[in-house]
Structure formats: C-alpha cells, structure tokens
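**Student:**
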Amino acid sequence: MRYLTTSYHPETPVDFIENNQATMLTRLAARAIVLRDNQILMLYTKRYHDYSLPGGGVDDGEHIEQGLIRELQEETGAQVVGDVIPFGLYQEYRPWRRDGFESVNMLSYCYVCTIADELAEPQLEAHEISNGMTPVWMDIDAAIQHNLDTMANSNKKGLSIERETFLLKLIKQELL
Numbered sequence: 001m002r003y004l005t006t007s008y009h010p011e012t013p014v015d016f017i018e019n020n021q022a023t024m025l026t027r028l029a030a031r032a033i034v035l036r037d038n039q040i041l042m043l044y045t046k047r048y049h050d051y052s053l054p055g056g057g058v059d060d061g062e063h064i065e066q067g068l069i070r071e072l073q074e075e076t077g078a079q080v081v082g083d084v085i086p087f088g089l090y091q092e093y094r095p096w097r098r099d100g101f102e103s104v105n106m107l108s109y110c111y112v113c114t115i116a117d118e119l120a121e122p123q124l125e126a127h128e129i130s131n132g133m134t135p136v137w138m139d140i141d142a143a144i145q146h147n148l149d150t151m152a153n154s155n156k157k158g159l160s161i162e163r164e165t166f167l168l169k170l171i172k173q174e175l176l
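Position 69 (the sequence shown) corresponds to 69 in the UniProt record's numbering; numbering is contiguous.
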C-alpha cells in the first residue's frame, strides 16, 4: 500500500518518539472510504464535533481488510461490503497514556470500497455511543469545511481530526 504521510502530535515530536520506543504502542487500524457522487459516508462524533471515516483498530490475528469490513459494518450498519481497493497508509504518532504506554504509532490503512444501498442498525461500542457517534452521508466539501472550522474554533477537538481532514482533502483531490 502506498505511503501517504507521517504526522507527529505536538506532545510526541520526533525526538520524543526516538527516545521513548519502549513505551510506544504500535496499533493497526483500517479506515473505509465509501463514496456516492460527491457524498461520502462519515461518522459524526458529537463529543468532538467532527467528521471521520468509518473504521478503527484491527483485532489481534485479524487481517486488515477483515478489520475494515467488521468496523464498517459495526459503525455504520453497512452491508455487502465489496470492491475493497487500497488507497494509502497514514502514519501518526500521538499520546497514548494507558496500559503502560506513553505514545502510539497509529498505522491507518485506508481502503476505497462499496456497500449496499441500505444501512442496517449500527452496532456501536459503549464509548462510541457515549461520544455520540452517528453514521451520515455527507457532502465531502461540507465535511472538510466543518472539520477545518472545528480545528480553528473548538476546544473540544479530538486527536484524530488532523488525520481525517488530511484524508478528506486527498480523497477529494484524487477520487472526485
């Protein structure tokens, strides 16, 4: 899969990462790009007031594409996931202060795919429900602008908004 970019959170700059390898978790994630004309399937998160691509962590022993399909089905209710095509790898380093780790090397494998027209009921995890996650079809330009406004004006923004906005801009440039 092609490499897209590497980002460093301000709390985990390059020198921090180089000097703290023992307390860094490497986490694999899969992210779905589902397009219909200028519409993109997104997750709106009320807590962070942002839009993100459906997807998340790949379970131990799970192939990345299997994790992609599972996450897409759980978070959006998507059915009949098909035509899974690699788009790119986004690498990021950010804080991760749990389970004895100080940082995480998040490797997000992004895939373009198709789904059936109708969405079933999502099967969200407890933290996703408490964060107010909702699947929505969204105009990609509106999603980009919304995230840019949140980045500029909100103190509730989450750690993933820079990744998501970068990916949305690249998707628009290359796929629409």
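Built from N, CA and C at the ideal position, the CB exists for glycine as well.
Determine the direct distance from the alpha carbon of Gly-56 to that of Ile-85, and round the result to whole angstroms.
**Tutor:** Mapped onto the sequence shown, residue 85 falls at position 85. Mapped onto the sequence shown, residue 56 falls at position 56. Cα to Cα, Ile-85 sits roughly 17 Å from Gly-56.
**Student:** Give the DSSP-derived three-state secondary structure of Ile-40 in the structure shown.
**Tutor:** Within the sequence shown, numbered from 1, the residue matching residue 40 stands at position 40. Strand, per DSSP.
**Student:** If I follow the unbroken alpha helix (DSSP H) through Glu-164, where does it start and stop?
**Tutor:** Here the question's residue 164 lines up with position 164 in the sequence shown. Here the alpha helix (DSSP H) through Glu-164 covers 161–175.
**Student:** Beta-carbon separation of His-9 and Tyr-93 under 8 Å?
**Tutor:** Counted from its first residue, the sequence shown places residue 9 at position 9. Counted from its first residue, the sequence shown places residue 93 at position 93. Yes, they are a contact pair.
**Student:** Report yes if the C-beta distance between His-49 and Ser-130 is below 8 Å; otherwise report no.
**Tutor:** Residue mapping note: residue 49 aligns to position 49 of the sequence shown, counting from 1. Residue mapping note: residue 130 aligns to position 130 of the sequence shown, counting from 1. Against a cut-off of 8 Å, the Cβ pair of Ser-130 and His-49 comes out as no contact.
**Student:** Should Gly-88 go down as buried or exposed, given a rule of 16 or more other Cβ atoms within 10 Å for buried?
**Tutor:** Walking along the sequence shown from the start, residue 88 turns up at place 88. Buried is the call here.
**Student:** Could you tell me the alpha carbon to alpha carbon distance between Cys-113 and Asp-60, rounded to whole angstroms?
**Tutor:** On the sequence shown, residue 113 is found 113 positions in, with the first residue counted as 1. On the sequence shown, residue 60 is found 60 positions in, with the first residue counted as 1. Their Cα atoms are separated by approximately 23 Å.
**Student:** Based on Cα-Cα distance, which residue from Val-34, Thr-45, Asn-38, Gln-66 lies nearest to Ser-160?
**Tutor:** In the sequence shown, counting from the first residue as 1, residue 160 sits at position 160. Checking every option, the nearest Cα to that of Ser-160 belongs to Thr-45.
**Student:** Can you tell me whether Asn-38 is buried or exposed? The criterion is at least 16 other CB atoms within 10 Å of its CB, across all chains shown.
**Tutor:** Locating residue 38 in the sequence shown gives position 38, counting from the first residue. Under this definition Asn-38 is an exposed residue.
**Student:** Between Leu-53, Arg-2, Met-24, which has its C-alpha nearest Val-136's C-alpha?
**Tutor:** Translated into the one-based positions of the sequence shown, residue 136 becomes position 136. Cα-wise, what sits closest to Val-136 is Leu-53.
**Student:** Give the list of continuous alpha helix (DSSP H) stretches no shorter than 4 residues that lie fully inside the UniProt domain "Nudix hydrolase" (25–165).
**Tutor:** Counting whole runs of 4 or more residues, the UniProt domain "Nudix hydrolase" (25–165) contains the alpha helix (DSSP H) stretches 64–76, 126–130, 140–153.
**Student:** Could you compute how far the alpha carbon of Ile-171 sits from the alpha carbon of Glu-164?
**Tutor:** If you number the sequence shown from 1, residue 171 lands on position 171. If you number the sequence shown from 1, residue 164 lands on position 164. Going by the C-alpha atoms only, they are around 10 Å apart.
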